[in-house]
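In full-length UniProt numbering, the protein residues as written are 1 to 187.
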């Protein structure tokens with residue numbers, strides 16, 4: 001999916017605004033396992049994934065890396081509270097494959113909002129998407145069984161099952177790799 005298609009799914013915009021958005025997001029490539037945003041740094045960039053897979057993760061109190069979320073083609077990627085609030089990130093963003101993305105800096109994003117006021121609606125919808133995704137994540141972990149969480153991941157993001165490591169998938173689901181292997185063996 002192209003950036004303009006993604007934006008116009010959220011809210012159809014005037015051609016001039018679409019062109020401004022397209023030119024503000026510059027192409028960038030990342031190698032597999034590259035850290036795009038490290039924990040503790042303020043996120044100065046937001047990305048749109050054209051090709052590839054990335055994840056947001058953190059380290060728990062025992063130092064284990066826990067995948068918070070996966071992002072694939074046609075998705076916006078940033079640590080929302082860090083980018084929009086300009087606060088230090090509690091998370092890392094890592095490319096899990098070689099990735100082709102488009103990125104916008106916080107400064108350019110703010111300029112876009114000032115120059116093209118209709119983009120404020122796109123920002124609001126984007127923030128709502130991030131909020132809904134975070135809420136769904138909490139509800140899923142609290143109220144669904146391991147099997148149900150796996151089934152939901154298969155239903156909503158089947159390509160992630162094939163592209164991400166078992167360790168990353170297990171940590172995302174809040175289970176051990178052994179439990180994940182048992183669930184997969186049942187299928």
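The beta-carbon is built from N, C-alpha and C at its ideal position, and this holds for glycine as well. Bear in mind that the values here come from a model prediction, so they are computed numbers and not experimental data.
Residue i and residue j closer than 7 Å at C-beta
i: residue 67; j: residue 150; result: no
i: residue 89; j: residue 37; result: yes
i: residue 29; j: residue 100; result: yes
i: residue 6; j: residue 58; result: no
i: residue 97; j: residue 52; result: yes
i: residue 10; j: residue 125; result: yes
i: residue 102; j: residue 13; result: no
i: residue 146; j: residue 175; result: yes
i: residue 130; j: residue 54; result: no
i: residue 119; j: residue 113; result: yes
i: residue 43; j: residue 70; result: no
Nearest to residue i (by Cα), restricted to the options the options
i: residue 105; options: 21, 12, 30; result: 21
i: residue 47; options: 26, 157, 32, 175; result: 26
i: residue 163; options: 141, 128, 95; result: 95
i: residue 167; options: 155, 180, 24; result: 180
i: residue 73; options: 160, 183, 81; result: 160
i: residue 64; options: 184, 170, 183; result: 170
i: residue 60; options: 39, 71, 78, 77; result: 39
i: residue 8; options: 177, 122, 144, 93; result: 122
i: residue 17; options: 115, 85, 77; result: 115
i: residue 24; options: 32, 178, 34, 45; result: 45
i: residue 34; options: 184, 93, 85, 177; result: 93
Three-state secondary structure (DSSP) of residue i
i: residue 77; result: strand
i: residue 10; result: helix
i: residue 184; result: helix
i: residue 36; result: strand
i: residue 124; result: helix
i: residue 20; result: helix
i: residue 4; result: helix
i: residue 82; result: helix
Residues bridged to residue i (per DSSP)
i: residue 58; result: 66
i: residue 169; result: Its beta-bridge partners do not exist; DSSP assigns none.
i: residue 95; result: 54
i: residue 26; result: 103
i: residue 88; result: 42
i: residue 49; result: 101
i: residue 109; result: Looking at the DSSP assignment, residue 109 forms no beta bridge with any residue, so it has no partner.
i: residue 71; result: 54
Check: residue i C-beta below 6 Å from any heavy atom of the ligand MG
i: residue 123; result: With respect to the ligand MG, the structure offers nothing, as it holds no ligand at all.
Entirely enclosed beta strand (DSSP E) segments - the segment 129-159, minimum 3 residues
none
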